[in-house]
Amino acid sequence: MRTMPGRTRDSMHHTLTKPAAGLALLMMLAACGQAGAPTTADIQQVIRSAMQTENQKASGMTLGLFSGPYDPADLVISHADCTAQDNGVYRCAVTAVTKNGTNTAQLSFKKVDGRWTLVQNVG
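Under mature numbering (1 follows the signal peptide of the UniProt record, and there is no 0), the residues of the sequence shown are numbered -37 to -1, 1 to 86, in order.
Written out as structure tokens, the structure is:
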């Protein structure tokens, strides 16, 4: 390896690795995804999952004769305005559009093990 005049291999190595280490740290922090409120896509995924769970419960109670009244694919989250609360919980005014119309509800979300989850609303 050739070195630049007045520079040793060691100083070249440190010069090249410092920016790379900083970039790696930024990428790791971004990958953690712990900062900030859930996106509308995050919220849509959580709500669709909850709807599927409710459909499975309803189907079990009807002896499997129908799959439930909710179609998760029919749900589109058009807007979410979230505010940070205690313990990493975000309280969000979520607007959903379905074939039956547009509704807004207050829902709470928290990231658990890297995934957003719906938190039981209290009050």
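A virtual CB, placed ideally from N, CA and C, is assigned to each residue, including glycine.
Since we're looking at a predicted model, the values are computed, not measured.
Asked                                                                                         : Found
A68: first and last residue of the uninterrupted beta strand (DSSP E) it sits in              : G64 to V75
contact_flag[the stretch 48 to 57, the stretch 70 to 81] where n(CB pairs < 8 Å) is 3 or more : yes
Beta carbon of V60 nearer than 9 Å to that of L38                                             : yes
Inter-residue CB distance, C55 and I10 (contact presumed, cutoff 8 Å)                         : That belief does not hold up - the Cβ atoms of C55 and I10 are roughly 11 Å apart, past 8 Å.
When P1, T58, P35 and T67 are compared against E17, the one with the closest alpha-carbon     : P35
Member of Y33, T58 and A47 whose CA lies at the smallest distance from the CA of S41          : T58
Contact under 9 Å by Cβ, A68 with P1                                                          : no
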